[in-house]
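Worksheet for the structure shown next.
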Amino acid sequence: MSQDQSGPASKIKHVFVLVLENRSFDHMLGLVLGAGVDAQTGSPTTADGPTDETNVYNGVTYSVRANAPYVLPVDPPHEYADVQLQLTSTAVVDKSGKYPPLTLGGYVDSYGGEAVAEKSAEGVADPGVVMACYTPQQLPVLGTLAREFAVCDRWFSSMPGPTWPNRFFLHAATSGGLDRSPTGMEIVRSQFGGYQFENGSIFEALDRAGLQWRVYCGDPLPQVSALSVMTLETMRTHYRKFDYFADDLRDSDFDAAYVFIEPNYGVLERPLGDFQCGNSQHPKDDVTRGEALVKQTYEAIRQSPLWESSLLVVTYDEHGGFYDHVPPPAAVPPGDVEIPGNNGNGFTFELLGTRVPAVVVSPWVPDVRAALDGRGCNLIDHTEYDHTSLLSTVERLFGLPSLTDRDAAANDFLHLLSARQPRDTPRTLPSPAESGFECGVGRIDFDPADAREPVDAALRGFVQLAAIQERRLEPQASSQIADRAEAITTKAEASRYLVEVAAKMRTAGFLG
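Residue numbers (the working numbering): 12 to 523.
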């Protein structure tokens, strides 16, 4: 596949990707967007947001509503069985690979059960909160970006499950069969010391093509480090703290063709790895801090000499248990070799996951709002995408081969870059809304977690990631490292271990 040498897309030399956490399209943008212009036909259209959809839980009907809270006291479940319950109204997993019919009726049921399990002194969390959506006033940053450029309202996560497999699809067009959060430490003990997929990842593909790439890290333990390609030497040459992002982009010699931006997940910012005080927009964190990250990212690119040759994509790894009214469609399985032990649910990867927000930003996205008298949104793209559409776009832009059958079949979004010349766009975005929550002063301490509280699936993944990093520092101790990590059972133990490994990485000169 050769690089497209004609048209505006050929002007793109730098692709920036910011992937945030755990939010559905309806929840974030369903009530934020209005009329716009169809990216394919040029006709007036509207983004596909919610109307009067409902879920029933314990005999009570819960409707889609406005003014979603900025912070949730309880994380909506989103492991494989949880998502199956949300999509099909049953959590009984058929490990023969048959997925139940889609109903979209189990979102409140799923969250309600978790809310009861995590009942606090303030009572049980509102089970209907997963039906709540943000308003334009609540999300001025993402909303402005979506209205100014192109929003994709048929962008689905790559499988109906949690963060880890979906982020692997973003990097490799596969999860190697992983259909859940990581559990054991077999990967730490393996010869690769990380996740090694049959055809590698986009990072190896760029290396083979002689193209430069970087990872900008807002977190001392970036999830992308779980890939086996991220050796110590690779991290030394390709990783940078996000603190340096804007300054680096002011250098006209900046040569990275692909830049992946990792948020701060908030697992090290407060005790017990509760995902608060980061900027990933995890449901237990303040969504306005993620808004600030989006603003920083856009403004750094917009105000740099690279702007006229740049493309920025802002999306989310998966829906995080929040309601979305569009059923996920069928998918092409990756077709590569699965890593032994990865597939815990018999999932065949023939179904995409829940819809997530995705905004495509570039001076080469045309401004077509004149068709709406200058009002409303700009481009609204109803094309079906999943996370591997990002890979197919990069591959077709830079002349790279596909990694798996999934990205080979995925639609790219190069057609959105159709302006005849780079256009003027806002140099700055609005400030985030005021949520009223602050870090470090106890204002989001709903209930201090008990030190004996067991490690949940999401935090277990970060324990595995920390063990992978520690093994890179001390390869001769891989067995002992895996044994220690495997023995961690409480959030307090996990928190101490993550802090310890992050400190070791800083001492070794990584992201210090």
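Even glycine gets a Cβ: it sits at the ideal position worked out from N, Cα and C.
If the criterion is Cβ atoms closer than 8 Å, does the pair Thr404 and Trp166 meet it?
Start at 1 with the first residue of the sequence shown, and residue 404 comes out as number 393. Start at 1 with the first residue of the sequence shown, and residue 166 comes out as number 155. No, the pair does not count as a contact, with Cβ atoms beyond the cut-off.
Quick one: what's got a C-beta closer than 7 Å to Pro433's C-beta in the same chain, skipping five residues either side?
Looking up residue 433 in the sequence shown gives position 422. Only residues of its own chain outside the window of five on either side were considered, and among them Glu319, Pro374, Trp375 have a CB closer than 7 Å to the CB of Pro433, listed in chain order.
Member of Val71, Gly520, Ala444 whose CA lies at the smallest distance from the CA of Gln480:
Counted from its first residue, the sequence shown places residue 480 at position 469. Nearest C-alpha to Gln480: Gly520.
Could you tell me the distance, in whole angstroms, from the CA atom of Asn87 to the CA atom of Asp264?
Counting from 1 along the sequence shown, the entry for residue 87 is found at position 76. Counting from 1 along the sequence shown, the entry for residue 264 is found at position 253. According to the sequence shown, residue 87 is Pro rather than Asn. Cα-Cα distance, rounded: 44 Å.
Alpha carbon to alpha carbon, how far is His38 from Asn66? Give it in angstroms, no decimals.
Position 55 of the sequence shown, counting from 1, holds the residue named residue 66. Position 27 of the sequence shown, counting from 1, holds the residue named residue 38. Cα to Cα, the separation comes out at about 15 Å.
Just reading off the beta strand (DSSP E) that Phe271 is part of, what are its end residues?
The residue you call residue 271 lines up with position 260 of the sequence shown. Per DSSP, Phe271 belongs to the beta strand (DSSP E) from 267-273.
If you draw a straight line from the alpha carbon of Leu29 to that of Pro80, how long is it in whole angstroms?
In the sequence shown, residue 29 corresponds to position 18, counting from 1. In the sequence shown, residue 80 corresponds to position 69, counting from 1. C-alpha separation (whole angstroms): 23 Å.
Asp93 lies in the alpha helix (DSSP H); which residues open and close that run?
Here residue 93 refers to the residue found at position 82 when the sequence shown is read from its first residue. Boundaries of the alpha helix (DSSP H) harbouring Asp93: 91-99, taken from the DSSP string.
Would Glu329 and Gly364 qualify as a contact pair, given that the criterion is a beta-carbon distance under 8 Å?
Along the sequence shown, read from residue 1 onward, the residue named residue 329 stands at position 318. Along the sequence shown, read from residue 1 onward, the residue named residue 364 stands at position 353. In this structure, Glu329 sits near Gly364, with a CB-CB distance shorter than 8 Å.
Going by the CB atoms, is the gap between His398 and Ser169 shorter than 8 Å?
The residue labelled residue 169 in the question sits at position 158 within the sequence shown. The residue labelled residue 398 in the question sits at position 387 within the sequence shown. Ser169 is a Cβ neighbour of His398, given a cutoff of 8 Å.
Rounded to whole angstroms, what's the CA-CA distance from Ile492 to Phe214? Just pull it up for me.
As a working mapping, residue 492 is identified with position 481 in the sequence shown. As a working mapping, residue 214 is identified with position 203 in the sequence shown. Taking the straight line joining both Cα atoms gives about 27 Å.
Would you report the Cα separation of Gly205 and Ser121, rounded to the nearest angstrom?
What you label residue 205 is simply residue 194 of the sequence shown in a count that begins at 1. What you label residue 121 is simply residue 110 of the sequence shown in a count that begins at 1. Gly205 and Ser121: Cα-Cα distance of roughly 32 Å.
For Gln202, is the classification buried or exposed, using 16 other Cβ atoms within 10 angstroms of its Cβ as the cut-off for buried?
Counted from its first residue, the sequence shown places residue 202 at position 191. Exposed is the call here.
In the DSSP assignment, find the unbroken beta strand (DSSP E) run with Lys515 in it and report its ends.
For the purposes of this step, residue 515 is taken as residue 504 along the sequence shown, with counting starting at 1. Note, Lys515: premise wrong, no beta strand (DSSP E); alpha helix (DSSP H) at 502-518.
What's the call for Arg431, buried or exposed, on a 16-neighbour Cβ count within 10 Å?
Numbered from its first residue, the sequence shown carries residue 431 at position 420. Burial call: exposed.
DSSP bridge partner residues for Cys228 (one or two, in chain order):
Residue 228 sits at position 217 when you count from the first residue of the sequence shown. Lys252, Glu273.
Would you kindly work out how many angstroms separate the C-alpha atoms of Gly188 and Ile198, rounded to a whole number?
In the sequence shown, counting from the first residue as 1, residue 188 sits at position 177. In the sequence shown, counting from the first residue as 1, residue 198 sits at position 187. The alpha-carbon of Gly188 is positioned some 13 Å away from that of Ile198.
Cutting at 8 Å between CB atoms, please list the residues of its own chain near Ser446, excluding the five before and the five after it.
Residue numbering aside, residue 446 sits at position 435 when the sequence shown is read from its first letter. Cβ neighbours of Ser446 beyond the five flanking positions: Tyr81, Val82, Asp297, Val298, Thr299.
Can at least three beta-carbon pairs, one atom from the segment 149-158 and one from the segment 37-57, be found at a separation below 8 Å?
Between the segment 149-158 and the segment 37-57, the count of Cβ pairs shorter than 8 Å is three or higher; the stretches touch.
Assuming Leu408 and Ile23 form a contact by the criterion Cβ under 8 Å, report the distance between their Cβ atoms to the nearest whole angstrom.
Within the sequence shown, numbered from 1, the residue matching residue 408 stands at position 397. Within the sequence shown, numbered from 1, the residue matching residue 23 stands at position 12. That belief holds up - the Cβ atoms of Leu408 and Ile23 are roughly 6 Å apart, short of 8 Å.
If you drop the 5 nearest sequence neighbours on each side, which residues of the same chain put their C-beta closer than 7 Å to that of Glu395?
Stepping through the sequence shown from its first residue, residue 395 is reached at position 384. If we look at Glu395 and ignore the five residues flanking it on each side, its Cβ neighbours are Arg165, Pro340, Asn422.
For the beta strand (DSSP E) containing Tyr334, list its first residue and its last residue.
Here residue 334 corresponds to residue number 323 of the sequence shown, with the count starting at 1. From DSSP, Tyr334 is part of no beta strand (DSSP E); its letter is neither H nor E.
Determine the DSSP secondary structure at Thr155, reduced to helix, strand or coil.
On the sequence shown, position 144 is the one that residue 155 refers to. When DSSP states are grouped into helix, strand and coil, Thr155 belongs to the helix group.
Does Leu509 pass the burial test, meaning 16 or more other C-beta atoms within 10 Å, or should it be called exposed?
Counting from 1 along the sequence shown, the entry for residue 509 is found at position 498. With 16 or more other CB atoms across the displayed protein chains lying within 10 angstroms of its CB, Leu509 is buried.
If you reduce the DSSP assignment to three classes, tell me which class Met12 lands in.
Start at 1 with the first residue of the sequence shown, and residue 12 comes out as number 1. Per-residue confidence for Met12 stands at a pLDDT of 35, beneath the threshold of 50, marking its modelled position as unreliable; the derived number appears in the next sentence. Note: Met12 maps to coil in three-state DSSP.
Considering only the alpha carbon of each residue, which of Phe160, Ala77, Gly123, Ser186 lies closest to Thr146?
The residue labelled residue 146 in the question sits at position 135 within the sequence shown. Answer by Cα proximity: Ala77.
Can you tell me whether Ser321 is buried or exposed, with buried defined as 16 or more other CB within 10 angstroms of its CB?
Here residue 321 refers to the residue found at position 310 of the sequence shown. By the 10 Å Cβ count, Ser321 comes out buried.
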